[in-house]
Every structure is written in structure tokens, then in C-alpha cells.
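Residues -19 to -1, 1 to 349 in mature numbering (1 follows the signal peptide of the UniProt record, and there is no 0) are what the sequence shown lists, from first letter to last.
Using N, Cα and C, we set each Cβ at its ideal position, and we do this for glycine too.
Every value quoted in this text rests on a predicted model; they were computed, and no experiment measured them.
Encoded as C-alpha cells, the structure appears first; notes follow it.
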Amino acid sequence: MKLSSLLLSVASLTTLAFAIPNPIPGSSNIQLRDPAIAYNAASKKYFVFSTGKGIRTYTATSLTGPWTAVGSVLPNCTVITDIPISGCSLWAPDVRLVNGRYTLYYSVSQLSTQNSAIGVATSPTMEPGSWTDHGAVVRSKKGDSYNAIDGNVVLDNGKLKLGFGSYWGGIFQVDLKAINKTSQSPPGTHLAGGTAAPRRAASPTSPWARPTGSSSSPTATPPSPAYVSPFPPSSPSSPFLFLSSSSLSPLSPVLTYLCLCVSCVLQEKTRVAAGREYKVRVGRAKSSSGPFLDGSGHAITAGTTSGWNILGSHDNVYAPGGQSLFRDPVSRRDVIVYHYVRMDEVGGASYLGINYVDFSSGEPVLVN
């Protein structure tokens, strides 16, 4: 059933569960977190990148697979060596074609701290072994009003902008003068989320969507009650900010926190109350720099709302999130990729989900 122009909230999660199509076939065996996707027209291959050692890489000649693990973006790890991480675990990739080169942003973070950085690497093909690491673009440290994780780059009227953030302060956006240089001091413009600290580590992953129009992954990916990195998709006329959030905060029933890299879902032996798990929500604006509003016109920077719900638990899909968006040049359709846990596997692994997104109603709707 098409969601049409309905603006759904947590209260309408039950209705939403019957409306969302299942992930398209072909990826249900791929275990990963925080996927980002792009297409190389020359090699006629799709590439999916995910959180993991050196940023894991998967390829396929079709969105329906079969997907094959082919290595990592940075097999020798990042040149950002002053942040202690375990096993070269790099988070939340975001990939986009910028000036003829595939440009991938990744996060380096010491767990449960603000000792973080967003790095960037480039490649002519996206193939393993072809990436050049350019190091840190944005950093954060203890006491900053933000956390430099979950980067998402967008090209808006010829200008590059980098969105990033987490439950520390929310999601922010800075202008870039080059892929690895900001033109303003962080944190920049506040896009989403509040200022409270969560009870557990979580990382943002929100994407932007500007339906129909971008050649590669339009991304946005988090806020302090609830954020994710920013992803701008190919939307009709207005930019949308896609947020991953889980209502785990005791501060307010509407405050949410992102669980991205170390997913809250994967840490639970028993599940939280229905409706409090990870989900994908959306805010809408007239500009890529906001303000982003929910369906009732309330700013998602106010700390009382995190947009309306477009993808929640349904069928055998539990706690979907960690999403990014992409304009598929083959089907000429907008695509969302995300991770989810199987409903029948409590505390199980997370898997790759892929769906089409339709913006023809003026709002994003998942469709077959």
C-alpha cells in the first residue's frame, strides 16, 4: 500500500508496519551495518560500503545481487592514527561522485567519547586497492558541542556541504572549500537534535534525500536526542533529512538516540518496548541547510520531535536504520539502503536492506 502523503509518527507505527514493502530480494544474506551505495557505470557494478575493518566493500551487477565481499577501502587502516580504535573499525561510510572521483567519508571514533574524526578517501573506480586516504576533514574532542562522526556530503547549487553529528549536540553541517577542507569552523549550522547526553553510546546516520536528480549517493546521516548523519536524496523540490533514531531516552518520550555503529539493537538480549527501537524518520526543509520540520511544522532542532516515521519494524524486519540514499542511474529510481535485524532473531546479526523510494507525492514513500 502506498503511504501517499500521510505523515506518520511513532503513534502510527502499527499502521506503518502493514504498509512498508519488504526489502527487495538478493541481499538478505549480507551481514553489515551502516551501508552506503554507489554505481560505477564503466564497470557496470554496484558498490556497497559498510562499517567494519577498513570499511568493508561488497559488489554486484544488479541491485538484486548476488553481492560479493571483495575487501576493504583502507586495508592498511586510516592515516588518522591519534584516535585509539580496535581492529581498524571505521564507521558509517558515505560515498558520492565528486568532480569525477568517487569520494568516501568515514568515521574514526574512540567508543563512547567525543574523540572522533571524519576522514575522506578518493578513488577513480571504487575497486579495492584504488583508494587514496586524505585524512581528517573534521575533528572533535571532549568538551566540544558536537561529535565528529557519521559524515554526509551533499552538493547544493555547486557548493559542497558536509553533515555530521550524534547525540552530542545533534547533527550539524559545515561548508567545504575542498573535499578535505572546511570553509568554516565546526560545528556550523545546527540541522537536527538536541543537547542531552544519552545513556549509552550511539552514533548518528541520517541521510538527505533530494529525489530524482543526483547521480550518486545523496547522503545525510545524527542529533542529541536523536540523530543520524545527513543524507540529501534526489527529492522533488525540497530537501529531506533522513534520520535513524531509537526512543531510548528517559528524558522525554519523543527524544531519540541513534544507534549506528554499535547498534543498541545488537546489544539487547531482550527487546525494548514496541516502537522504541531503531527506525528511519524524515524532516523536510526549503534549503539543504534547514530548518528541517516534521509533518506538523515543528523544527527537529527543538528537542521535541525528530520528524515523521517512514521505515519502522515490519514483517521480519526489526529496527531498520543506518540508512543512505542513492539515485540509481540504471533504473532511474531513488533507492534507500539500510541495515536491520531479523524479527525472529533476538540479538542477531544485522543485514542489508534495499528498497525503492518514491517522491512523486511530494514526500518520500517506500514502494515496490
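{"Asked": "Is it true that the region 301 to 311 meets the region 20 to 36, where meeting means three or more beta-carbon pairs spaced less than 8 Å apart?", "Found": "yes"}
{"Asked": "Nearest to W72 by alpha carbon, out of A254, G334, G150, G146?", "Found": "G146"}
{"Asked": "Considering Cα atoms alone, identify which of Y337, Y321, N336, W112 is closest to A330.", "Found": "Y321"}
{"Asked": "Quick check on the DSSP output: the beta strand (DSSP E) that includes A255 runs from which residue to which?", "Found": "Segment: none, A255 is in no beta strand (DSSP E) and carries neither H nor E."}
{"Asked": "Give a yes or no on contact between the region 122 to 132 and the region 31 to 46, applying the rule of three or more CB pairs nearer than 8 Å.", "Found": "no"}
{"Asked": "Between which two residues does the alpha helix (DSSP H) carrying A(-1) extend?", "Found": "-7 to -1"}
{"Asked": "For S126, which of helix, strand or coil comes out of DSSP?", "Found": "coil"}
{"Asked": "Between which two residues does the beta strand (DSSP E) harbouring N290 extend?", "Found": "289 to 292"}
{"Asked": "If you follow the beta strand (DSSP E) that P301 is in, where does it begin and where does it stop?", "Found": "298 to 309"}
{"Asked": "Please state the DSSP three-state secondary structure of F28.", "Found": "strand"}
{"Asked": "Could I get the ranges of all uninterrupted beta strand (DSSP E) runs contained in the region 43 to 79, with 3 residues as the minimum, in chain order?", "Found": "49 to 53, 70 to 79"}
{"Asked": "Is Y319 closer than 7 Å to G343 when the C-beta atoms are compared?", "Found": "no"}
{"Asked": "Tell me where the beta strand (DSSP E) around Q154 begins and ends.", "Found": "151 to 159"}
{"Asked": "Out of curiosity, what's the CA-to-CA distance linking S9 and N336?", "Found": "12 Å"}
{"Asked": "Kindly list the residues whose CB is nearer than 8 Å to the CB of V119, restricted to its own chain and excluding five residues on each side of it in sequence; keep chain order.", "Found": "A98, I99, A129, G132, L143, F145, V155, T163, P167"}
{"Asked": "Using 10 angstroms around the beta-carbon of T84, count the other beta-carbons present and answer buried if the total reaches 16, otherwise exposed.", "Found": "buried"}
{"Asked": "Between which two residues does the beta strand (DSSP E) containing D137 stretch?", "Found": "133 to 137"}
{"Asked": "Based on Cα-Cα distance, which residue from S269, S225, T45 lies nearest to V135?", "Found": "S269"}
{"Asked": "So what does DSSP say about V327, is it helix, strand or coil?", "Found": "coil"}
{"Asked": "Which same chain residues, not among the five before or five after V348, have their C-beta less than 8 Å away from its C-beta?", "Found": "K(-18), P2, N336, Y337, V338, D339"}
{"Asked": "Identify whether L92 lies in helix, strand or coil by the three-state DSSP scheme.", "Found": "coil"}
{"Asked": "Inspect the beta-carbon positions of V79 and I18 and report whether they are closer than 7 Å.", "Found": "no"}
{"Asked": "Tell me the rounded alpha-carbon separation between S287 and P16.", "Found": "21 Å"}
{"Asked": "Mind checking which residues open and close the beta strand (DSSP E) that includes Y39?", "Found": "37 to 41"}
{"Asked": "CA-CA distance, R252 and S226?", "Found": "15 Å"}
{"Asked": "With hydrogens ignored, establish whether the beta-carbon of V135 is closer than 6 Å to any heavy atom of the ligand SAH.", "Found": "This structure simply doesn't include the ligand SAH, nor any ligand for that matter."}
{"Asked": "Considering only C-alpha positions, which residue in the set R82, F221, S104 is nearest to A266?", "Found": "F221"}
{"Asked": "Could you pull out every residue in the same chain whose Cβ sits closer than 7 Å to the Cβ of G35, ignoring the five residues on either side in sequence?", "Found": "S53, V54, L55, P56, C58, C69, L71"}
{"Asked": "Using beta-carbon positions only, say whether T45 and G7 come within less than 7 Å of one another.", "Found": "yes"}
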